[in-house]
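Remember, our numbering sits 2 above the position in the sequence shown when you count from 1.
Notes follow the structure.
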Amino acid sequence: MKHCIISLFLIATAMLLIASPVMAEEHGTTLGTHENVVESSHENSGESQLPPIWLVAPFVLLLLMIATGPLFYPHFWEHQYPKIAISLGVIVAFYYGFIMDHGTLFLLHTLEEYISFIALLTALFVASGGILIKIDKKGTPLVNGALLLVGAVLSNFIGTTGASMLLIRPFMRINDGRLKPYHIIFFIFVVSNIGGGLTPIGDPPLFLGFLKGVPFFWVIGHVWHIWLITVLSVVGVFYVLDVSNKNNGVEASYSGKIKIVGSKNFFYLGIVILSVFMDPAVISGFPSLQKMFHVPFGIREIVMFAVAYLAYTNADKEALRGNEFNFEPIKEVAYLFVGIFATMIPALQLIGDFAKNNAASLNISKFYWFTGSLSGVLDNAPTYLNFQAAALGKFGMDIGSVSDVNTFAGGVSSPVPGDQNSVLYLMAISVAAVFFGAMTYIGNAPNFMVKNIAEQAGVDVPSFMGYIFKYSLPILLPIFAVVGLIFFNY
């Protein structure tokens with residue numbers, strides 16, 4: 003297992019070294035950021051540079067295979083999914099790299115996003131995997147509901163990934179003998195997604211918005227009431243279901259004590275969270291590590307991989323055994339999402355172009371539903387940025403300007419008569435991007451991790467389509483629809 007961490011670290015370093023001169027040549031300078039890549043790609047590409055609609059086919063095919071593979075051809079899928087994800091991604095990468103003008107800019111931007119994505123997830127996964135929480139309580143509806151609420155709050159401090167990895171095993175253990183598929187699903191709903199909707203640390207879309215110029219405490223100040231109503235509504239539905247669940251296990255006495263083994267790994271979690279802020283764009287006056295090392299990207303990611311390696315090699319062995327820790331969940335996420343990130347490039351580009359060209363006709367309600375529905379099947383971070391850029395464009399502002407984004411978040415009157423203030427647009431986009439990530443297993447990376455951990459523990463977890471049709475559509479969609487009607491029906 004140690005070799006997996008070393009390999010990821012070496013791959014990240016190699017990608018950084020390979021990408022550095024290419025990025026420097028593309029930017030015409032020795033330094034740059036992924037924001038520069040996106041901006042320059044838009045500047046250098048007109049409508050003729052949009053990909054053909056058929057290039058979305060690999061993305062659709064990958065989603066269909068993720069949905070049907072474990073259900074209809076599980077043996078084939080279990081052994082071949084890495085090859086399938088990479089092969090479909092290569093098709094899109096080939097088109098952008100060799101056929102489409104300036105396509106390498108999109109590939110480099112996606113590469114940066116993927117490395118950042120997998121570095122953060124790996125570090126949080128490994129660091130939290132070395133922390134064993136023993137809760138000597140019986141899993142009653144009240145205890146379970148309380149744990150979900152604690153997880154929702156905690157996800158805003160250590161991210162939805164960190165909170166999910168820290169609490170999913172204790173959640174399953176206290177429900178031994180009465181653990182059902184809905185326990186896992188509601189954990190994904192609350193802890194892995196909706197809970198992280200209050201701070202930029204909680205979910206990647208909000209962090210990207212923070213880097214673009216949205217004040218750190220803007221989200222909690224404007225959407226806390228929506229977050230609270232939604233979390234309580236989902237937990238309330240869970241409580242009703244859990245009340246009818248009978249304990250089939252052996253009755254035992256409980257001390258009510260909570261014991262933590264491997265608490266030193268909280269130190270590594272702290273380093274991971276701090277590394278997110280190692281940027282002068284986040285902390286004013288912080289030295290630019292990119293300039294210090296003369297590279298355009300990757301210092302933060304190397305730190306994260308290094309923390310993952312140290313957290314694993316120095317982890318408490320009892321904690322690892324108690325958590326039945328292995329690298330299979332992060333391996334599955336790494337392979338599937340490298341395919342998802344690559345194949346969704348044309349889909350996101352086409353969506354971004356549509357949003358930009360139709361921003362004037364999109365009201366708040368449409369921004370809410372478009373951002374949400376696409377965040378459920380695409381990575382919610384770029385979806386958030388695409389619709390934030392469209393909303394800013396509608397108000398005559400530029401997402402590339404920190405001052406414009408800051409002003410937009412502060413409140414600007416719409417140029418369209420009778421339209422609403424810019425604050426409501428940003429609220430709708432922020433809420434939808436985070437909340438709707440719970441609609442599918444691929445809506446947010448922790449969803450897949452929790453699913454994998456539960457399956458390894460022998461829990462009968464629903465299939466991709468079962469998750470959607472049995473849980474997210476009948477439970478989440480009505481709640482999200484009410485949220486849209488109450489707060490964003492403009």
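Beta carbons are placed, not taken as given, at the ideal position from N, Cα and C, and that holds for glycine.
- Taking 4 residues as the minimum length, the alpha helix (DSSP H) runs contained wholly in the region 354-413 are 366-377, 382-396 and 404-412, in order along the chain.
- Counting along the chain, no beta strand (DSSP E) covers K319; the unbroken alpha helix (DSSP H) around it starts and ends at K319 to G324.
- One Cα belongs to M280, the other to F78, and the distance between them is close to 43 Å.
- In the three-state reduction of the DSSP assignment, I120 falls in the helix class.
- The Cβ atoms of F369 and A393 sit closer than 8 Å to each other.
- Annotation for F191: V236, A440 and L478 place their beta carbon closer than 7 Å to its own, counting only its chain and skipping 5 residues before and after.
- Taking C-beta atoms under 8 Å as the contact rule, P348 and V94 qualify, at a distance of about 6 Å.
- Under a 10 Å Cβ-count criterion, G179 is classified as exposed, with fewer than 16 other Cβ atoms of the shown protein chains found around its own Cβ.
- Judged by beta-carbon spacing, V128 lies beyond the 8 Å limit of A336, meaning their Cβ atoms are not closer than that value.
- Considering only P384, K358 and R175, the residue with the shortest C-alpha distance to E114 is P384.
- Counted as a single uninterrupted DSSP element, the alpha helix (DSSP H) harbouring I88 occupies residues P76 to F96.
- Less than 8 Å separates the beta-carbon of F437 from that of G199.
- Rounded to whole angstroms, the separation of the alpha carbons of L123 and F482 is 27 Å.
- Remark: C-beta atoms of L134 and V263 approach each other more closely than 8 Å.
- Boundaries of the beta strand (DSSP E) harbouring V263: I260 to V263, taken from the DSSP string.
- Distance from T162 to N195 at the Cβ level is roughly 6 Å; contact confirmed, criterion being Cβ atoms closer than 8 Å.
- Here the alpha carbon of L338 sits roughly 7 Å from the alpha carbon of Y83.
- Taking 8 Å as the cut-off, the Cβ atoms of M451 and S166 count as close.
- For K139, there is no enclosing beta strand (DSSP E), as DSSP marks it with neither H nor E.
- Collapsing the DSSP output to three states places L181 in coil.
- Looking at the DSSP output, I135 shares a beta bridge with I262.
- For T409 and K453, the gap between their C-alpha atoms comes out near 40 Å.
- In the displayed model, P417 falls within coil according to three-state DSSP, outside both helix and strand.
- With respect to the 8 Å criterion, M102 and I86 are not classified as neighbours on the basis of their beta carbons.
- The three-state reading of DSSP puts N328 in coil, since its state is none of H, G, I, E or B.
- Assignment of I190 by DSSP, reduced to helix, strand and coil, places it in the helix class.
- Of all C-beta pairs linking the region 403-422 to the region 457-475, fewer than three are shorter than 8 Å, placing the two stretches out of contact.
- Taken through DSSP and simplified to helix, strand or coil, H104 comes out as coil.
- Per the C-alpha coordinates, the member of L364, I176, K214 and A148 positioned closest to V193 is A148.
- Nearest in C-alpha terms to G445, of all of T373, L426, G164 and Q51, is T373.
- Annotation for T201: no alpha helix (DSSP H) segment contains it, and DSSP assigns it neither H nor E.
- The alpha-carbon of L169 is positioned some 44 Å away from that of A362.
- Membership of A440 in any alpha helix (DSSP H) is not indicated, and neither H nor E is assigned to it by DSSP.
- H224 and M429 have their C-alpha atoms spaced approximately 7 Å apart.
- Contact between F159 and I203 is confirmed by a C-beta separation of about 7 Å, below the 8 Å threshold.
- For a cut-off of 8 Å, the C-beta gap from I137 to P172 is around 5 Å, short enough to register as a contact.
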